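Q: Have a look at this one before I ask anything.
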Amino acid sequence: MSTTFENAQVGDKAWSIQLGDCTITAINSPDSGVYSIQAVSERTGRSSSYTIAGRFSKIDSHHSLFWSNPNIIAPEEPKRLPKLKRDDLCIVGDGSGFAFWRYFSHYDECGRAKFFDAGLTSLTWPGGTGNTSRWHEYRLATPEEIEARRNRT
Numbered sequence: 004m005s006t007t008f009e010n011a012q013v014g015d016k017a018w019s020i021q022l023g024d025c026t027i028t029a030i031n032s033p034d035s036g037v038y039s040i041q042a043v044s045e046r047t048g049r050s051s052s053y054t055i056a057g058r059f060s061k062i063d064s065h066h067s068l069f070w071s072n073p074n075i076i077a078p079e080e081p082k083r084l085p086k087l088k089r090d091d092l093c094i095v096g097d098g099s100g101f102a103f104w105r106y107f108s109h110y111d112e113c114g115r116a117k118f119f120d121a122g123l124t125s126l127t128w129p130g131g132t133g134n135t136s137r138w139h140e141y142r143l144a145t146p147e148e149i150e151a152r153r154n155r156t
């Protein structure tokens, strides 16, 4: 089906951003002006005019009138890694699942998170970032996990 309305006829059903489900009620000659298609909302009775290309305004870059509701599906929100502060307690892993407790050290020059090795923190490794490792998976430990860890030791 065409994305423009050269072959539209009065009575055709369409869908517009402005009106929702609508019916084409008039088609003027393209020579009579820019806005050749008249449509009326099936829900409100309100009308709008469109170009033969299905645009609400001649300066619009994109269509506003379609042959059917395009049903745009919003993408899922991307999973973002947490912004960490020095000595935040995290759970890290190597790709086989989260397994180790580590304190955050710093982000390297490429923006990758680095963690102190084997229980070290900035207090137990003063001024240094040399004894750190990068992990492929990490997340900030929840307060409940931290409390459970304290109760085990």
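Numbering (my numbering), first residue to last: 4 to 156.
Even for Gly, the Cβ is constructed at its ideal location relative to N, Cα and C.
All values reported here derive from a predicted model rather than from experimental measurement.
1) Counting along the chain, where does the alpha helix (DSSP H) carrying Glu148 start and finish?
2) Work out the CA separation of Ser136 and Asp111 for me, nearest whole Å.
3) Within 10 Å of its beta-carbon, does Ser71 have 16 or more other beta-carbons around it, so buried, or fewer, so exposed?
4) Please state if the CB of Cys93 and the CB of Arg83 are separated by a distance shorter than 8 angstroms.
5) Which residues mark the beginning and the end of the beta strand (DSSP E) in which Cys93 is found?
6) From Ala11 to Ile75, what distance separates their C-alpha atoms?
7) If I'm right that Val43 touches Cys25 with Cβ under 8 angstroms, what's the distance once you round it to whole angstroms?
8) Considering only their Cβ atoms, is the gap separating Asp90 from Ser125 smaller than 8 angstroms?
A: In terms of the structure at hand:
1) 146-155
2) 10 angstroms
3) exposed
4) no
5) 92-96
6) 23 angstroms
7) 6 angstroms
8) yes
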